[in-house]
Amino acid sequence: MLQNVIIGQYYPASSPLHRMDSRSKLIAAFFYLFIVFLANNWVTYGVLIAFTVVTISLSKVPFRFLYKGLKPILLLVVFTMLLHIFLTKEGDLLYKAGFLEIYEGGVIQGIFIALRLLLLVMMTSLLTLTTTPIDITDGLEHLLGPLKKWKLPVHEFALMMSISLRFIPTLLQETEKIMKAQMARGADFTSGPIKERAKAFVPLLVPLFVSSFKRAEELALAMEARGYRGGEGRTRLRALAWHQRDTFALLLLALLTLSLFLLRN
Amino acid sequence: MEGTPFERRALHDINLDIADGTFLALIGHTGSGKSTLIQHLNGLLKPSAGSIKMGSTELKAGGKKQDLKSLRKKAGIVFQYPEHQLFEETVEKDIMFGPRNFGMSEESAKLTAAKVIEMVGLPESVLTKSPFDLSGGQMRRVAIAGVLAMNPEVLILDEPTAGLDPAGRVEIMELFYSLHERNNLTTILVTHSMEDASRYADEIAVMHKGELYLHGKPTDIFNEREALKKAGLDVPETVQFLQKWNEKSGLHLALTKFTVEELAKQVSQSLKKRGN
Numbered sequence: 000m001l002q003n004v005i006i007g008q009y010y011p012a013s014s015p016l017h018r019m020d021s022r023s024k025l026i027a028a029f030f031y032l033f034i035v036f037l038a039n040n041w042v043t044y045g046v047l048i049a050f051t052v053v054t055i056s057l058s059k060v061p062f063r064f065l066y067k068g069l070k071p072i073l074l075l076v077v078f079t080m081l082l083h084i085f086l087t088k089e090g091d092l093l094y095k096a097g098f099l100e101i102y103e104g105g106v107i108q109g110i111f112i113a114l115r116l117l118l119l120v121m122m123t124s125l126l127t128l129t130t131t132p133i134d135i136t137d138g139l140e141h142l143l144g145p146l147k148k149w150k151l152p153v154h155e156f157a158l159m160m161s162i163s164l165r166f167i168p169t170l171l172q173e174t175e176k177i178m179k180a181q182m183a184r185g186a187d188f189t190s191g192p193i194k195e196r197a198k199a200f201v202p203l204l205v206p207l208f209v210s211s212f213k214r215a216e217e218l219a220l221a222m223e224a225r226g227y228r229g230g231e232g233r234t235r236l237r238a239l240a241w242h243q244r245d246t247f248a249l250l251l252l253a254l255l256t257l258s259l260f261l262l263r264n
Numbered sequence: 000m001e002g003t004p005f006e007r008r009a010l011h012d013i014n015l016d017i018a019d020g021t022f023l024a025l026i027g028h029t030g031s032g033k034s035t036l037i038q039h040l041n042g043l044l045k046p047s048a049g050s051i052k053m054g055s056t057e058l059k060a061g062g063k064k065q066d067l068k069s070l071r072k073k074a075g076i077v078f079q080y081p082e083h084q085l086f087e088e089t090v091e092k093d094i095m096f097g098p099r100n101f102g103m104s105e106e107s108a109k110l111t112a113a114k115v116i117e118m119v120g121l122p123e124s125v126l127t128k129s130p131f132d133l134s135g136g137q138m139r140r141v142a143i144a145g146v147l148a149m150n151p152e153v154l155i156l157d158e159p160t161a162g163l164d165p166a167g168r169v170e171i172m173e174l175f176y177s178l179h180e181r182n183n184l185t186t187i188l189v190t191h192s193m194e195d196a197s198r199y200a201d202e203i204a205v206m207h208k209g210e211l212y213l214h215g216k217p218t219d220i221f222n223e224r225e226a227l228k229k230a231g232l233d234v235p236e237t238v239q240f241l242q243k244w245n246e247k248s249g250l251h252l253a254l255t256k257f258t259v260e261e262l263a264k265q266v267s268q269s270l271k272k273r274g275n
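Chains as they are written, first to last, in numbering that gives the first Met the number 0: chain A, 0 to 264; chain B, 0 to 275.
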């Protein structure tokens with residue numbers, strides 16, 4: 000019933016991108032979000048596309064996996080593209096039919112915006128595809144570490160994130176179990192009018208809530224019983240390790256930024 | 000039910016006839032396919048090959064949308080840890096959930112609730128309480144009452160005593176057994192406990208790696224100790240005792256009784272006979 004739900008989109012493989020430190024990947028992805036906006040002509044977009052394509056091929060993630068991540072936003076991309084095509088009135092008039100006017104500038108603008116969105120989403124999904132959720136939270140905790148100076152509970156946030164990720168499969172299993180138990184008592188989750196169907200979910204949601212709270216309480220107790228007292232002085236099983244390739248990757252990104260600055264209008 | 004060799008098949012080549020009124024114990028190691036099998040019995044899972052027939056209803060592989068509701072009414076399942084399925088504000092409403100889904104009127108559902116709460120050994124005053132205010136053992140009983148309220152002809156129990164204390168275990172099992180006797184139910188008990196199986200079951204089916212490994216009367220099954228061991232199981236303690244006893248004493252007591260009390264009687268009688 001729920002087997003089709005895909006949780007986390009990590010794609011296990013052995014590639015230079017998978018082997019990179021999660022911190023360098025996070026920094027790179029974050030930085031990339033900004034430099035995408037530097038591109039404003041064909042040459043700079045060309046450079047960006049080339050860089051992205053090379054990164055994707057390095058990651059060994061099959062394109063259909065990336066496409067799966069892109070699908071939900073494809074509609075948004077097309078919509079923004081159309082908006083730009085029809086509403087931007089710059090450059091030569093290409094086509095006119097009644098009140099519809101399409102200008103050269105609009106077409107170019109539309110293509111650029113669509114490209115920009117696609118590049119952004121591809122690069123960020125590449126981050127989650129090549130990094131395990133645990134690595135991402137560890138990396139985030141490290142990177143946000145300095146914020147502890149301002150009393151921000153960075154460790155706790157990271158812990159919350161990993162706990163919720165850890166319990167997604169458990170919750171799905173539980174959902175399936177309770178769903179079956181209620182179906183055995185004659186509940187029907189799949190047919191009937193919307194209002195009835197919404198009501199039918201009460202027997203599913205209430206037990207789920209109850210067990211989630213119970214589980215949270217048990218987990219908290221188990222953690223306390225084992226002496227958990229926050230991130231202070233805590234060591235890790237899998238320490239993050241910064242390698243030369245991480246420095247190299249960031250240098251490459253700097254180079255890309257520089258070339259974008261030089262090539263843009 | 001017959002399965003074809005699919006890559007991730009859970010069940011395979013199972014031919015099992017359960018006669019009306021049988022108390023069948025379904026035994027197997029963790030992951031042997033017991034739970035998967037019982038979920039097929041009321042259409043929660045559909046077979047990819049083969050068919051399941053219950054009364055006049057038949058579930059076929061790749062068949063069209065069958066009348067699952069009548070099938071589910073006929074076969075009540077008490078799942079593992081059934082107390083997790085409670086959700087209503089009051090015990091009464093929760094028990095009425097099943098009957099109401101199967102089209103019973105509000106009044107008769109209320110009457111049924113009052114009847115079944117007594118059956119599971121709880122006072123009627125519980126009906127107005129919230130199920131979440133009850134103790135774990137009481138919640139289990141309420142959940143069981145919720146299944147009994149559907150008045151099923153076939154009662155399927157998936158390890159109904161898991162997590163209960165020894166006294167609670169005996170009580171719940173005795174409850175099911177008396178229901179089975181009184182209402183002439185067909186009962187299928189999924190269990191790890193050879194003791195429970197030997198005490199209550201007319202027939203035992205042993206599952207191993209998704210296949211029906213052994214099936215027969217308890218006496219026949221317990222004579223296959225080697226085969227049971229291969230499936231990661233063993234005969235009940237009483238049978239183990241009897242076999243050792245026969246070895247050491249040179250007596251040959253027949254393997255007919257499985258409960259501790261009955262066995263003790265049997266042994267003492269034979270000792271007396273020898274003494275004479």
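The beta carbon of each residue, even a glycine, is placed where N, CA and C say it ideally should be. Every value quoted in this text rests on a predicted model; they were computed, and no experiment measured them.
Between the C-alpha atoms of residue i and residue j, what's the straight-line distance to the nearest angstrom?
{"i": "Ala48/B", "j": "Ala60/B", "result": "5 Å"}
{"i": "Phe188/A", "j": "Ile220/B", "result": "41 Å"}
{"i": "Ser161/A", "j": "Gly229/A", "result": "14 Å"}
{"i": "Ile6/A", "j": "Ile177/A", "result": "Confidence is the limiting factor: at Ile6/A the pLDDT is only 44, short of 50, which leaves the residue's position unreliable and the question unanswerable from this model."}
{"i": "Leu25/B", "j": "Lys33/B", "result": "7 Å"}
{"i": "His28/B", "j": "Tyr9/A", "result": "33 Å"}
{"i": "Val125/B", "j": "Arg168/B", "result": "21 Å"}
{"i": "Gly191/A", "j": "Gln181/A", "result": "16 Å"}
{"i": "Thr21/B", "j": "Thr186/B", "result": "6 Å"}
{"i": "Met0/A", "j": "Lys67/A", "result": "Any reading at Met0/A needs caution, since the residue's pLDDT is 39, under 50, leaving its predicted position unreliable; the model's value is listed next. Near 20 Å, if we compare the C-alpha coordinates of Lys67/A and Met0/A."}
{"i": "Ala161/B", "j": "Ala12/A", "result": "41 Å"}
{"i": "Lys208/B", "j": "His214/B", "result": "15 Å"}
{"i": "Lys271/B", "j": "Pro235/B", "result": "25 Å"}
{"i": "Asn204/A", "j": "Arg196/A", "result": "Strictly speaking, residue 204/A in this sequence is Leu, with Asn absent from that position. Taking the straight line joining both Cα atoms gives about 13 Å."}
{"i": "Asn182/B", "j": "Ala18/B", "result": "15 Å"}
{"i": "Glu1/B", "j": "Glu106/B", "result": "Because the pLDDT of Glu1/B is 36, which lies under 50, any placement of that residue in the model is unreliable, and the question is left without a value."}
{"i": "Thr3/B", "j": "Leu251/A", "result": "Reliability fails at Thr3/B, whose pLDDT of 30 lies under 50, so the model's placement of it is uncertain and no value is given."}
{"i": "Phe64/A", "j": "Ser210/A", "result": "34 Å"}
{"i": "Asn3/A", "j": "Pro15/A", "result": "Its pLDDT being 38, under 50, Asn3/A is placed unreliably by the model, and the measurement read from it follows with that caveat. Cα to Cα, the separation comes out at about 30 Å."}
{"i": "Lys179/A", "j": "Pro165/B", "result": "28 Å"}
{"i": "Met159/A", "j": "Lys216/B", "result": "53 Å"}
{"i": "Asp91/A", "j": "Ser258/A", "result": "30 Å"}
{"i": "Val115/B", "j": "Ala148/B", "result": "6 Å"}
What distance in whole Å lies between the Cβ atoms of residue j and residue i, which are believed to be in contact at a cut-off of 8 Å?
{"i": "His141/A", "j": "Ile112/A", "result": "Between Ile112/A and His141/A the Cβ distance is about 34 Å, and since that is not below 8 Å, they are no contact."}
{"i": "Leu58/B", "j": "Lys72/B", "result": "At roughly 14 Å, the Cβ-Cβ gap does not stay under 8 Å, so Leu58/B and Lys72/B are not in contact."}
{"i": "Val205/B", "j": "Ala230/B", "result": "6 Å"}
{"i": "Asp157/B", "j": "Ile76/B", "result": "7 Å"}
{"i": "Tyr44/A", "j": "Leu114/A", "result": "6 Å"}
{"i": "Val193/B", "j": "Leu252/B", "result": "At residue 193/B the sequence reads Met, which differs from the Val that was named. Wrong, their Cβ atoms sit about 19 Å apart, outside the cutoff."}
{"i": "Leu174/B", "j": "Gly135/B", "result": "Their Cβ separation, rounded to whole angstroms, is 16 Å, which puts Leu174/B and Gly135/B out of contact at 8 Å."}
{"i": "Leu67/B", "j": "Gly30/B", "result": "Incorrect: roughly 27 Å between the Cβ atoms, too far for contact."}
Do residue i and the ligand GTP come close, with the Cβ less than 8 Å from some heavy atom?
{"i": "Arg225/A", "result": "Only the bare structure without any ligand can be found here, which leaves the ligand GTP out of the picture."}
Determine the closest residue to residue i out of the options, with distance taken between C-alpha atoms.
{"i": "Phe247/A", "options": "Ala27/A, Ser14/A, Tyr10/A", "result": "Ala27/A"}
{"i": "Phe257/B", "options": "Ala113/B, Ile171/B, Gln242/B, Ile13/B", "result": "Gln242/B"}
{"i": "Phe98/A", "options": "Leu86/A, Val42/A, Gly105/A", "result": "Leu86/A"}
{"i": "Trp41/A", "options": "Val120/A, Ala186/A, Gly109/A, Thr136/A", "result": "Gly109/A"}
{"i": "Leu254/A", "options": "Leu16/A, Phe30/A, Ser14/A, Pro15/A", "result": "Phe30/A"}
{"i": "Ile133/A", "options": "Ala197/A, Lys95/A, Ser258/A, Ser163/A", "result": "Ser163/A"}
{"i": "Met95/B", "options": "Phe212/A, Ala186/A, Leu204/A", "result": "Ala186/A"}
{"i": "Leu236/A", "options": "Asp137/A, Tyr227/A, Ala221/A", "result": "Asp137/A"}
{"i": "Glu170/B", "options": "Arg139/B, Leu154/B, Val90/B", "result": "Arg139/B"}
{"i": "Thr54/A", "options": "Val205/A, Thr123/A, Ala224/A", "result": "Thr123/A"}
{"i": "Thr237/B", "options": "Lys247/B, Leu254/B, Leu121/B, Asn182/B", "result": "Leu254/B"}
{"i": "Glu155/A", "options": "Arg233/A, Glu173/A, Thr174/A", "result": "Arg233/A"}
{"i": "Met103/B", "options": "Ser14/A, Arg184/A, Glu223/A, Leu252/A", "result": "Arg184/A"}
{"i": "Lys198/A", "options": "Phe86/B, Asn41/B, His39/B", "result": "Phe86/B"}
Please list the residues of the stretch 175 to 202 of chain A that have a C-beta atom closer than 8 Å to any C-beta atom in chain B, keeping them in chain order.
Lys176, Ile177, Lys179, Ala180, Gln181, Met182, Ala183, Arg184, Gly185, Ala186, Asp187, Val201, Pro202
Indicate whether the contact test is met: 3 or more Cβ pairs, each with one atom in the stretch 177 to 192 of chain B and one in the stretch 127 to 146 of chain B, closer than 8 Å.
no
Which residues, taken in chain order from the stretch 205 to 223 of chain A, show a beta carbon closer than 8 Å to some beta carbon of chain B?
Val205, Pro206, Val209, Ser210
Just checking, does the stretch 42 to 55 of chain A make contact with the stretch 155 to 171 of chain A on the three C-beta pairs under 8 Å criterion?
no
At a cut of 8 Å, does the stretch 71 to 81 of chain A reach the stretch 30 to 41 of chain A through at least three beta carbon pairs?
no
Contact between the stretch 17 to 24 of chain A and the stretch 225 to 241 of chain A is defined here as three or more beta-carbon pairs at a separation below 8 Å; is this criterion met?
Proximity of the stretch 17 to 24 of chain A to the stretch 225 to 241 of chain A meets the contact definition, three or more beta-carbon pairs being nearer than 8 Å.
Check whether the stretch 115 to 129 of chain A touches the stretch 142 to 149 of chain A, counting contact only when three or more Cβ pairs, one atom from each stretch, lie closer than 8 Å.
No: the two stretches stay apart, fewer than three of their Cβ pairs being nearer than 8 Å.
Which residues of the stretch 215 to 247 of chain B have a Cβ closer than 8 Å to any Cβ of chain A? Give them in chain order.
none
To be precise: take each residue of the stretch 34 to 46 of chain B, compare its Cβ to all Cβ atoms of chain A, and keep it if any distance is under 8 Å. Which residues remain?
Only those residues of the stretch 34 to 46 of chain B whose C-beta falls short of 8 Å from the nearest C-beta of chain A are listed: Gln38, Asn41, Leu43.
Interface residues of the stretch 134 to 156 of chain B facing chain A [CB-CB below 8 Å]
Gly145, Val146, Met149
For the 8 Å Cβ check, are there 3 or more pairs between the stretch 244 to 258 of chain B and the stretch 190 to 199 of chain B?
yes
Beta carbons nearer than 7 Å to chain A: which residues of the stretch 92 to 109 of chain B have them?
Phe96, Gly97, Asn100, Phe101
Any chance the stretch 85 to 93 of chain B sits against the stretch 111 to 130 of chain B, with 3 or more Cβ pairs inside 8 Å?
yes
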